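Read through the structure below, which is laid out as structure tokens, and then see the notes.
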Ligand SMILES: [Zn+2]
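In this note's numbering, the protein residues as written are 24 to 126.
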């Protein structure tokens, strides 16, 4: 499958950062897939966003969780990791300085 342009994890540097984080936090003895038992995983090239659903069944795009996934190459079971807490994605600082200007 071709990687779409603009993928966050398409560079070797970013992928290396994710793999280093996984190696530091995921013990080798716990790497078999919980569904099929195979140990071969594929890191996605993209970050994904989980958005909050409100009690009115609306998607709250102001409350999102950037995430990366790894998928079992045998059964497609997918694990989701918080990209902010893992340090892979930095949350932009206050938007007060990024708004439109009257310049
Ligand atoms: Zn599996």
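The beta-carbon is built from N, C-alpha and C at its ideal position, and this holds for glycine as well.
Note that the structure is a prediction, hence the values are computed from the model and not measured.
As assigned by DSSP and simplified to three states, the class of residue i
{"i": "residue 38", "result": "helix"}
{"i": "residue 125", "result": "Note that residue 125 scores a pLDDT of 43, beneath 50, so its modelled location is shaky; the value from the coordinates is reported in the next line. Residue state, collapsed to three classes: coil."}
{"i": "residue 114", "result": "coil"}
{"i": "residue 106", "result": "coil"}
{"i": "residue 32", "result": "coil"}
{"i": "residue 99", "result": "coil"}
Range of the contiguous beta strand (DSSP E) that encloses residue i
{"i": "residue 88", "result": "82-95"}
{"i": "residue 49", "result": "Where residue 49 is concerned, there is no enclosing beta strand (DSSP E), given that its DSSP letter is neither H nor E."}
{"i": "residue 66", "result": "64-66"}
Residue i versus the options, residue with shortest Cα-Cα distance
{"i": "residue 57", "options": "106, 101, 89, 112", "result": "101"}
{"i": "residue 106", "options": "53, 97, 91", "result": "91"}
{"i": "residue 87", "options": "98, 39, 115", "result": "115"}
{"i": "residue 99", "options": "38, 48, 46, 60", "result": "60"}
{"i": "residue 75", "options": "84, 110, 111", "result": "84"}
Proximity test, residue i beta-carbon vs ligand 1 heavy atom, cut-off 7 Å
{"i": "residue 113", "result": "no"}
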